[in-house]
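Participant: There's a structure below that I have some questions on.
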Amino acid sequence: MIGTDESMILYIRLFKTRKLIIPLLIIIILLSSFVIFQSINNYFDSIKQSNAYLQRQTPKLNSSFIQRAILIFYPSNQESHFLPEIRWLYRSWIEMMKYESKNWRTDLIIYTGEYSSSFQQLGCIINQKRLNNTERPQCRIFLYLRISKREISSLTQQQTILTHNGKKDLFNINIQRSILLYKKLKIYDYIDSVNIIAESYSTFEYYDFILKTDIDVFITSQFAKYVPLSNATLLVGRGGYSTQFNTRRLGRIARDMNWNYQNLTNVGSTWYGAPYVAQRIANIALDAMLYLYDNEFTSVEREKKLGVLLWPDWHYGVLSMYGTHLAVNHLSISEKLDIKKADELLDQSTTNKDSYDLEKNNRLHLHCWHTDKQFSKFQFKAGKYNDIHPRTLINDTSAQAYAMRMALESRLMTLDELGQYVHRISNNKTK
Numbered sequence: 001m002i003g004t005d006e007s008m009i010l011y012i013r014l015f016k017t018r019k020l021i022i023p024l025l026i027i028i029i030l031l032s033s034f035v036i037f038q039s040i041n042n043y044f045d046s047i048k049q050s051n052a053y054l055q056r057q058t059p060k061l062n063s064s065f066i067q068r069a070i071l072i073f074y075p076s077n078q079e080s081h082f083l084p085e086i087r088w089l090y091r092s093w094i095e096m097m098k099y100e101s102k103n104w105r106t107d108l109i110i111y112t113g114e115y116s117s118s119f120q121q122l123g124c125i126i127n128q129k130r131l132n133n134t135e136r137p138q139c140r141i142f143l144y145l146r147i148s149k150r151e152i153s154s155l156t157q158q159q160t161i162l163t164h165n166g167k168k169d170l171f172n173i174n175i176q177r178s179i180l181l182y183k184k185l186k187i188y189d190y191i192d193s194v195n196i197i198a199e200s201y202s203t204f205e206y207y208d209f210i211l212k213t214d215i216d217v218f219i220t221s222q223f224a225k226y227v228p229l230s231n232a233t234l235l236v237g238r239g240g241y242s243t244q245f246n247t248r249r250l251g252r253i254a255r256d257m258n259w260n261y262q263n264l265t266n267v268g269s270t271w272y273g274a275p276y277v278a279q280r281i282a283n284i285a286l287d288a289m290l291y292l293y294d295n296e297f298t299s300v301e302r303e304k305k306l307g308v309l310l311w312p313d314w315h316y317g318v319l320s321m322y323g324t325h326l327a328v329n330h331l332s333i334s335e336k337l338d339i340k341k342a343d344e345l346l347d348q349s350t351t352n353k354d355s356y357d358l359e360k361n362n363r364l365h366l367h368c369w370h371t372d373k374q375f376s377k378f379q380f381k382a383g384k385y386n387d388i389h390p391r392t393l394i395n396d397t398s399a400q401a402y403a404m405r406m407a408l409e410s411r412l413m414t415l416d417e418l419g420q421y422v423h424r425i426s427n428n429k430t431k
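Quick note: the sequence shown uses UniProt numbering, first residue 1, plus one each step.
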């Protein structure tokens, strides 16, 4: 009898437990479904929000003369590493112009230390600003002395700020800050990508809109059809650095600096919009980077002795992003600059296989992330895609195929052929 009673008690307990578990499982399933639904909903809201900042080509907009420029920094002493990226960016720039209004002009502006034979073969012109709306689109080289080369004379304490053939009137250089950048940040890899925007405003102030970007990117055909909603707006792309820890820390740093802060996170390195707004962000970002260098990083971190041990919470390698983060949060309040997150339009992945994604979601700009998935810049440079012929990708409209085709075609063409190609496309705009 005792054994039977114990079995009955155990059965009752199991029954009661099961009665509790089933509702609990239902609650968990419902909560999970809600979280998934919210994530999907937030994703589509983000796309809708990003698209709300754009105006599409219309007959009225097509008839307007709109001037744009793509701005990059190119390390002239690392050509073997970066030339493949210049080639595919150049090829995608040509592809985009096929779909652009005849009245629109998009120049490719490269800030670099030398007017190399590669740029001459590509047909790039040197130290010439755009002067009118009707000139054909051009690749323009502006000779820029990168921060690491701005040596200071031990005798005169004067700093060299221009290249041998550089033109002083093309740049507005804050000498005091330039000296500080040389002393503190000359070995920081990404300082020049921000500094070109701060110092070279006169070379791009003519344009209605600029796209400040890295080299390892592709311009899509969608870029041909869209501009920001107003010429006072700047769209910022997708960063990948924000965590709860560094968001709180950057907020505290902003308070220490007596700067405004509105908790705008993951601000990308790609900016599309008003030249003036971009220049203001770059100027303030450089000041923020110097402050962070002095006050928020130890010498061990600055010398990269920790590697990526503190990533993603706090990492010296993304100093320029932290500086931009502080600048954007401050300026959007203090100067009421119109800065919008557009992380579904800019800095999009080159690995996306969705054939409808580029057009459906207006992806303007693809960025190579650190991955070995197709399309990977690392695998491309290692020759892993050499057996793929670009003709096989013509009917594939995915981001992955577009990036692959542009890169493969740019590799198969000579620099002269690429230069002639852009000449033909751009000449069609002046007929």
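Every residue, glycine too, gets a C-beta built ideally from N, C-alpha and C.
Let me know the secondary structure DSSP gives Leu170 once reduced to three states.
Facilitator: Three-state DSSP puts Leu170 in a helix.
Participant: My output table needs one value for Lys305: the three-state DSSP class, helix, strand or coil.
Facilitator: Coil, per DSSP.
Participant: On the criterion of 16 or more Cβ atoms from any shown chain inside 10 Å, does Ile219 qualify as buried, or is it exposed?
Facilitator: Ile219 should be labelled buried.
Participant: Do Lys60 and Thr233 have their C-beta atoms closer together than 8 Å?
Facilitator: No, the Cβ-Cβ distance between Lys60 and Thr233 is not below 8 Å.
Participant: Apart from the five residues on each side of it in sequence, which residues of its chain come closer than 7 Å, Cβ to Cβ, to Asn41?
Facilitator: The pLDDT assigned to Asn41 is 48, lower than 50, so where the model puts this residue is not dependable; a value taken from the coordinates is nonetheless given after this. None.
Participant: Alpha carbon to alpha carbon, how far is His370 from Gly240?
Facilitator: Cα to Cα, His370 sits roughly 11 Å from Gly240.
Participant: Starting from Ile66, trace the beta strand (DSSP E) in both directions and tell me its first and last residue.
Facilitator: First-last of the beta strand (DSSP E) with Ile66: Ile66 to Tyr74.
Participant: Please report the distance separating the alpha-carbon of His325 from that of Ser410.
Facilitator: Straight-line Cα distance between these residues: approximately 34 Å.
Participant: What did DSSP end up calling residue 435 once you bin it into helix, strand or coil?
Facilitator: Any question about residue 435 goes unanswered here, given that the chain covers just 1 to 431.
Participant: Relative to the alpha-carbon of Arg249, which residue among Leu292, Val277, Gln379 and Phe73 has its alpha-carbon at the smallest distance?
Facilitator: Nearest C-alpha to Arg249: Leu292.
Participant: Along the chain, where does the alpha helix (DSSP H) that runs through Lys184 open and close?
Facilitator: Lys184 -> alpha helix (DSSP H) spans Ile175 to Leu185.
Participant: Per DSSP, what kind of secondary structure is Leu229 in: helix, strand or coil?
Facilitator: In the structure shown, Leu229 sits in coil (DSSP, three-state: anything other than H, G, I, E or B).
Participant: Between Ile152 and Leu290, what straight-line distance do the alpha-carbon atoms span, to the nearest angstrom?
Facilitator: Going by the C-alpha atoms only, they are around 18 Å apart.
Participant: Please state the DSSP three-state secondary structure of Leu366.
Facilitator: If DSSP states are grouped into helix, strand and coil, Leu366 belongs with the strands.
Participant: Roughly how many angstroms separate the alpha carbons of Glu417 and Gln120, rounded to a whole number?
Facilitator: Rounded to the nearest angstrom, the two C-alpha atoms are 12 Å apart.
Participant: Give me, in chain order, the residues of the same chain whose beta-carbon lies closer than 6 Å to that of Ala198; leave out the 5 immediate sequence neighbours on both sides.
Facilitator: These residues qualify, in order along the chain: Ala282, Asn283 and Leu286.
Participant: What residue does the beta strand (DSSP E) around Gln400 start on, and which one ends it?
Facilitator: Element bounds for Gln400: not the beta strand (DSSP E) but the alpha helix (DSSP H), Ala399 to Leu412.
Participant: Could you check which residue in Ile179, Trp104, Asn386 and Gln262 has the C-alpha nearest to that of Ile333?
Facilitator: If we check each option's Cα against that of Ile333, Gln262 comes out closest.
Participant: Following the continuous beta strand (DSSP E) through Trp271, name the residue where it begins and the one where it ends.
Facilitator: Its beta strand (DSSP E) spans residues Val267 to Gly273.
Participant: Could you work out which residue in Gln222, Ile94 and Pro275 is closest to Leu54 when comparing CA atoms only?
Facilitator: Among Gln222, Ile94 and Pro275, the Cα nearest to that of Leu54 is on Gln222.
Participant: Please go through the same chain and pick out, in chain order, the residues whose beta-carbon is closer than 6 Å to the beta-carbon of Ala327, but skip the five residues on each side of it.
Facilitator: So the qualifying residues of the chain are Ile281, Ile284, Ala285 and Ala288.
Participant: Taking 8 Å as the cut-off, decide whether the C-beta atoms of Asp313 and Arg238 are in contact.
Facilitator: No, Cβ-Cβ distance for Asp313 and Arg238 is not below 8 Å.
Participant: Can you tell which of Ala278, Leu264 and Asn258 has its C-alpha closest to the C-alpha of Ser200?
Facilitator: With distances taken between Cα atoms, Ser200 lies closest to Ala278.
Participant: Does the beta carbon of Gln420 come closer than 8 Å to any beta carbon on chain B?
Facilitator: No chain B appears in the structure shown, which is made up of a single protein chain.
Participant: If you drop the 5 nearest sequence neighbours on each side, which residues of the same chain put their C-beta closer than 7 Å to that of Asp192?
Facilitator: Phe73, Arg146 and Ile147.
Participant: Please work out which residues of its chain come closer than 6 Å, Cβ to Cβ, to Leu181, disregarding the five sequence neighbours upstream and downstream, and give them in chain order.
Facilitator: The answer, listed in chain order, is Ile147.
Participant: On a CA-only basis, which of His164, Trp271, Asn246 and Thr350 is nearest Arg194? Give me that one, please.
Facilitator: In the sequence on display, residue 194 carries Val and not Arg. Among His164, Trp271, Asn246 and Thr350, the Cα nearest to that of Val194 belongs to Trp271.
Participant: Whose C-beta lies closer than 7 Å to the C-beta of Asn362 among residues of the same chain, with five residues either side of it excluded?
Facilitator: Counting only Cβ-Cβ distances below 7 Å, and skipping sequence neighbours, we find Asn51, Leu54, Gln222, Tyr226 and Leu345.
Participant: For the alpha helix (DSSP H) holding Tyr111, just list the boundary residues, first then last.
Facilitator: It is not in any alpha helix (DSSP H) - Tyr111 instead sits in the beta strand (DSSP E) that spans Trp104 to Thr112.
Participant: Would you mind reading off the limits of the beta strand (DSSP E) that contains Phe142?
Facilitator: Taken as a continuous stretch (DSSP letters only), the beta strand (DSSP E) holding Phe142 covers Cys139 to Leu143.
Participant: Would Phe378 pass as a contact of Ala403 if the rule is Cβ separation under 8 Å?
Facilitator: No. Outside cutoff.
Participant: Got a sec, what are the start and stop residues for the alpha helix (DSSP H) Val194 sits in?
Facilitator: Looking at the DSSP string, the run of the alpha helix (DSSP H) that includes Val194 is Ile191 to Glu199.
Participant: Look up Gln262 in the DSSP assignment and say whether it is helix, strand or coil.
Facilitator: The answer is coil: DSSP assigns Gln262 none of H, G, I, E or B.
Participant: Buried or exposed for Tyr356, going by 16 or more other Cβ atoms inside 10 Å?
Facilitator: Exposed, since its Cβ has fewer than 16 Cβ neighbours within 10 Å.
Participant: Considering just the uninterrupted stretch of the alpha helix (DSSP H) at Gln120, what are its terminal residues?
Facilitator: Start and end: Ser117 to Gln121.
Participant: If you draw a straight line from the C-alpha of Gly166 to the C-alpha of Pro228, how long is it?
Facilitator: Gly166 and Pro228: Cα-Cα distance of roughly 32 Å.
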